[in-house]
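See structure below.
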Amino acid sequence: MKLDRLDHLVLTVRNIETTCTFYSNVLGMEVVTFENGRKALSFGSQRINLHEAGKEFEPKASRPTPGSADLCFTTTTSIDEVVRRLELSKVRILGGPVNRTGALGQMMSVYFRDPDLNLIEVSNYGDAKKNQAASRVG
6 MKLDRLDHLV LTVRNIETTC TFYSNVLGME VVTFENGRKA LSFGSQRINL
56 HEAGKEFEPK ASRPTPGSAD LCFTTTTSID EVVRRLELSK VRILGGPVNR
106 TGALGQMMSV YFRDPDLNLI EVSNYGDAKK NQAASRVG
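In our numbering, each number is its position in the sequence shown, counted from 1, plus 5.
Here it is in structure tokens:
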């Protein structure tokens, strides 16, 4: 078997509306509502499905816990612009800009937390070909 790409992941959150507001306003993700009222966040060709703690959709992770995720998103937006956006949104930056190693090599990253205290990393490879490869549909 050969896997092609990550289609979606699930975040368990304390409050779905608070999460949707943060990810759409700060990170520019699109809020998607399923026909049954469930919510997800969409960006590129990926999706983050949202489960509210205590009201998770079945089947679910064995220990769904708000604040337990550590996620890295890539962007073609300059890291300086990412920092400006976070500062304008009054999001506390925990670290960065700092060099890190991602799936495609060296990248510049900035770290912060979402409303559930998940660790969020936004990175730019600083190389047009790597940025393009990171944004490609698999």
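Glycine included, C-beta positions come from ideal geometry on N, C-alpha and C.
For D119 versus T24, is the C-beta distance shorter than 8 Å?
On the sequence shown, residue 119 is found 114 positions in, with the first residue counted as 1. On the sequence shown, residue 24 is found 19 positions in, with the first residue counted as 1. Yes, they are a contact pair.
How big is the Cα-Cα spacing for R89 and T81?
Working through the sequence shown from its first residue, we reach residue 89 at position 84. Working through the sequence shown from its first residue, we reach residue 81 at position 76. Whole-angstrom Cα-Cα distance: 15 Å.
The alpha helix (DSSP H) spanning S29 covers which residue range?
Position 24 of the sequence shown holds residue 29. Residues 21-32.
Please report the straight-line C-alpha distance between I53 and K44, rounded to a whole angstrom.
In the sequence shown, residue 53 corresponds to position 48, counting from 1. In the sequence shown, residue 44 corresponds to position 39, counting from 1. So the two alpha carbons sit approximately 9 Å from each other.
Could you give the distance in angstroms between the alpha-carbon of Y130 and the alpha-carbon of T79?
For the purposes of this step, residue 130 is identified with residue 125 of the sequence shown, where counting begins at 1. For the purposes of this step, residue 79 is identified with residue 74 of the sequence shown, where counting begins at 1. Answer to the nearest angstrom: the Cα atoms are 8 Å apart.
With a cut-off of 8 Å on the beta carbons, I'd call S50 and M34 a contact; round off their distance for me.
For the purposes of this step, residue 50 is taken as residue 45 along the sequence shown, with counting starting at 1. For the purposes of this step, residue 34 is taken as residue 29 along the sequence shown, with counting starting at 1. At roughly 13 Å, the Cβ-Cβ gap does not stay under 8 Å, so S50 and M34 are not in contact.
Please classify A121 as buried or exposed, where buried requires at least 16 other C-beta atoms within 10 Å of its C-beta.
Against the sequence shown, residue 121 aligns to sequence position 116. What sits at residue 121 in the sequence shown is Asp, not Ala. That one is buried.
Tell me the start and end of each unbroken beta strand (DSSP E) in the segment 43-115 that is at least 3 residues and wholly inside, in chain order.
44-48, 51-57, 75-79, 98-107
Can you tell me the Cα-Cα spacing of V31 and L91, whole angstroms?
The residue you call residue 31 lines up with position 26 of the sequence shown. The residue you call residue 91 lines up with position 86 of the sequence shown. Rounded to whole angstroms, V31 to L91 spans 7 Å at the Cα level.
Buried or exposed (CB count within 10 angstroms, at least 16 for buried), P64
Counting from 1 along the sequence shown, the entry for residue 64 is found at position 59. By the 10 Å Cβ count, P64 comes out exposed.
Any idea if M6 is buried or exposed, counting beta-carbon neighbours within 10 angstroms, 16 or more meaning buried?
Your numbering for residue 6 matches position 1 in the sequence shown. Burial check for M6: the Cβ neighbour count within 10 Å stays below 16, so the residue is exposed.
Give me the Cα-Cα distance between K95 and P102, rounded to the nearest whole angstrom.
As a working mapping, residue 95 is identified with position 90 in the sequence shown. As a working mapping, residue 102 is identified with position 97 in the sequence shown. Cα-Cα distance, rounded: 17 Å.
For D9 and S128, what's the separation of their Cα atoms in angstroms?
For the purposes of this step, residue 9 is taken as residue 4 along the sequence shown, with counting starting at 1. For the purposes of this step, residue 128 is taken as residue 123 along the sequence shown, with counting starting at 1. Cα to Cα, the separation comes out at about 21 Å.
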